[in-house]
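Residue numbers (the working numbering): 1121 to 1375.
Yeah, the Cβ is synthetic: ideal placement off N, Cα and C, and Gly gets one too.
This report refers to the structure that appears directly beneath it.
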Amino acid sequence: MLINKRNPRFLSRLPSPLVSLASYQLAGRGRGSNIWLSPSGCLQFSVLLRLSTATFPSYKLVFVQYLFALAVVEACRDESVLGKLGSHIRLKWPNDIYALVDGERKKIGGILVNTSFSASKVDIVIGCGLNVLNSAPIFSLAQLLSPDRRQSLTLERTVSNILARFEKMWETFVDERGSFDSFMDLYLERWLHSDQVVTLTTVTPPQQVRVVGITPDHGLLRTIPSKTEGSSRFIDLQPDGNSFDLMAGLIKLKS
């Protein structure tokens, strides 16, 4: 079974770091009230990490989802996964993984991070689902490869590359007390949103804004009113509570 944060007492007694993998998932949970079923061919796993709140600022935990998503995207570029075709795999704020295929954007994965505080420690559970070997109509990494190369793609190689990349990133992230500065440039290279103009529906009346990045302190999505709005003030949006509808070009309240 995947690591479940709903029993914090049990969670606190597990060793850390710990990785739990599942072949199938019948009650996966996404953001808000989203429920996921994960069939054969999908890589689904959880990672348990533990930090001392005495040495790590809790407000920096928001960056964990960005860090892990970046590790997933970078792992896809490894020769044992997709190689050069890994450039098709991109990040969607705040926690989704997409493939760019013939001008279309296809969701292939997602990240969910939960935290549980007790005494002077915080337990961090990172849940990840990634379509690796799924057959059509579910799009997966395998469908980016030619038939002769698909035989070499495995769930085991994929997850080992993700974890190896994340381990190095995590060490730097913790050593720098939650600073995302070492990763920000690469993250913005890999995401889908630089200079994207979207409609912000969380204000009245709805307003067109342009995405300019992520705030380095609290990991908020930073936007400014589009040029037609005639203002340069920042509008910063929290990842929790807001949903980015990529296809419709909308930022709306998460339902």
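| Query | Result |
| --- | --- |
| DSSP three-state call for V1201: helix, strand or coil? | coil |
| Assuming S1302 contacts E1296 (C-beta within less than 8 Å), just tell me the rounded distance between them. | 6 Å |
| Look at A1239 and L1253 and say whether their C-beta atoms are less than 8 Å apart. | no |
| Please classify L1381 as buried or exposed, where buried requires at least 16 other C-beta atoms within 10 Å of its C-beta. | No information on residue 1381 is available, as it lies outside the stretch 1121 to 1375 that the chain covers here. |
| Assuming F1364 and K1212 make a contact with CB atoms under 8 Å, what is their CB distance in whole Å? | 7 Å |
| Could you tell me which residues DSSP puts in a beta bridge with A1219? | I1209, K1226 |
| Under a three-way DSSP split, which group does T1292 fall into? | helix |
| Can the beta-carbon of H1208 be found less than 8 Å from the beta-carbon of L1190? | no |
| Nearest to Q1327 by alpha carbon, out of I1355, S1314, L1306? | I1355 |
| With V1242 as the anchor, note down where its beta strand (DSSP E) starts and where it stops. | 1241 to 1251 |
| Is the beta carbon of F1188 sitting closer than 8 Å to the one on I1217? | no |
| Would DSSP call S1065 helix, strand or coil? | In the structure as shown, the chain starts at 1121 and stops at 1375, and residue 1065 therefore has no counterpart that could be examined. |
| Would you mind working out which of S1266, F1237, R1197, I1371 sits nearest T1324, comparing C-alpha positions? | I1371 |
| Hey, V1318 and V1329: beta-carbon distance below 8 Å or not? | yes |
| Relative to the C-alpha of G1247, which residue among S1166, T1321, E1287 is closest? | S1166 |
| Should A1368 go down as buried or exposed, given a rule of 16 or more other Cβ atoms within 10 Å for buried? | exposed |
| Counting only beta-carbon atoms, is P1177 nearer than 8 Å to chain C? | The chain labelled as chain C is not found in the depicted structure, where only one protein chain is given. |
| For M1289, collect the residues of the same chain with a Cβ closer than 8 Å to its Cβ; drop the 5 residues on either side in sequence, then sort them by chain order. | L1187, L1190, A1191, F1303 |
| Measure the alpha-carbon distance for D1268 versus D1305 and round it to whole angstroms. | 35 Å |
| Excluding five sequence neighbours on each side, which residues of the same chain lie with their C-beta closer than 6 Å to the C-beta of C1196? | L1202, G1206, I1209 |
| For F1165, does the three-state DSSP call read helix, strand or coil? | strand |
| Do you know whose CA, among N1234, S1172, P1214, lies nearest N1127's CA? | N1234 |
| Quick one: residues in its chain with C-beta nearer than 8 Å to the C-beta of L1265, no 5 flanking neighbours on either side, listed in chain order? | L1202, L1205, L1273 |
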